[in-house]
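Numbering (the working numbering), first residue to last: 4 to 233. Don't be surprised by glycine CBs; every beta carbon is placed ideally from N, CA and C.
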Amino acid sequence: MTLQIAALASGVGSNVAAVIKSINEGMLDARMRIVISNRPGAPVLEKAAQAGIPVYVKDSADCENREDYDRALLAAICDAGADTVVLAGYMRMLSPMFVAAHRGRILNIHPSLLPSFPGRMGTEDAIKYGVRLSGSTVHFVQETMDSGPVIIQVVVPVHAQDTGETLMPRIQALEHRIYPQALQWLAEDRLRVEGHRVNLLPARKPNGSMASFGQSPLGPWMVSPPLEGF
Ligand code: GRF
């Protein structure tokens, strides 16, 4: 079923832009109903406006009470007719009340192989630790930060000289593929959460716009489950 998306973002918005692009290219069965930010002036807002998408800004610096803040967001999401919440660089914890209101319909993307290196500095923490492989994770959102059942992960090598500034763009180039892919699986109602695991059901019928399993030029070992045309 066509996803009605509310995207929450605090920063640049490259993932929001990638989702919009996938929608416009007919790869992702969704509508971007609204882009919401807690940071006035965040570049994501300009990207949304250029794409003709309504925006809602509520400065989190002004807000004393998290639940009051989230209630305003929930109202904006409801007014926009959205049924799916896409966190894309949203640098603020959601209240349990918000998570309960959209349980199972909130996704997040995090630039590490969770559960390793959660938190704001996931990419830098992975480099500091000295891991040789990092990546990105799309997962369902639970109350605790960067937890929740994993939908898809992609692996990115960490080079000896990497800094956050050099590793991040390599991770993000792949985020722009795995996030629309995860959302398309949600739109196709193929994600089943069992305990903490997500099972991906097989495609019901071949979709003309999508490549079959194993077609990813990345190779099936780098991204799991394999991308289907993204
Ligand atoms: C992404 O790398 C995402 O993994 C993390 O925040 C970053 C947001 O980047 N949660 P952008 O604003 O989408 O460019």
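{"Check": "Residue 179 in three-state terms, based on DSSP", "Outcome": "helix"}
{"Check": "Cβ-heavy atom distance, residue 12 to ligand 1, below 7 angstroms", "Outcome": "yes"}
{"Check": "Under 8 angstroms between C-beta atoms of residue 110 and residue 143", "Outcome": "yes"}
{"Check": "Alpha-carbon to alpha-carbon, residue 163 and residue 100", "Outcome": "43 angstroms"}
{"Check": "Residue 40 - partner residues in DSSP beta bridges", "Outcome": "60"}
{"Check": "Run of the beta strand (DSSP E) containing residue 205, from where it starts to where it stops", "Outcome": "Careful: residue 205 lies outside any beta strand (DSSP E) and carries neither H nor E."}
{"Check": "Beta-carbon contacts of residue 13 that lie in its chain and below 8 angstroms, excluding the five residues immediately before and after", "Outcome": "40, 41, 42, 45, 47, 92, 93, 94 and 95"}
{"Check": "For residue 71 and residue 159, the rounded distance between their alpha carbons", "Outcome": "39 angstroms"}
{"Check": "Secondary structure of residue 35, DSSP reduced to three states", "Outcome": "strand"}
{"Check": "Reduced DSSP secondary structure (H/G/I, E/B, other) of residue 127", "Outcome": "helix"}
{"Check": "Of the listed residues 86, 165, 31 and 183, nearest to residue 133 (C-alpha basis)", "Outcome": "165"}
{"Check": "Rounded straight-line distance, which links the Cα of residue 56 to that of residue 74", "Outcome": "21 angstroms"}
{"Check": "Residue 178: CB within 7 angstroms of a non-hydrogen atom of ligand 1", "Outcome": "yes"}
{"Check": "heavy atom of ligand 1 below 7 angstroms from residue 139 C-beta", "Outcome": "yes"}
{"Check": "Residue 159, DSSP secondary structure in three states", "Outcome": "strand"}
{"Check": "Residue 187 burial status per 10 Å Cβ neighbour count (16 or more: buried)", "Outcome": "buried"}
{"Check": "Buried versus exposed, by CB contacts within 10 Å (16 or more), residue 10", "Outcome": "buried"}
{"Check": "Where residue 111 falls: helix, strand or coil (DSSP)", "Outcome": "strand"}
{"Check": "Assigned secondary structure, residue 10 (DSSP; H/G/I helix, E/B strand, else coil)", "Outcome": "strand"}
{"Check": "Heavy atom of ligand 3 within 7 angstroms of residue 142 beta-carbon", "Outcome": "Summarising the ligand content, the structure contains ligand 1 and does not contain ligand 3."}
{"Check": "Enclosing beta strand (DSSP E) for residue 89 [first to last residue]", "Outcome": "87-90"}
{"Check": "Collapsed DSSP secondary structure at residue 116 in the structure displayed", "Outcome": "coil"}
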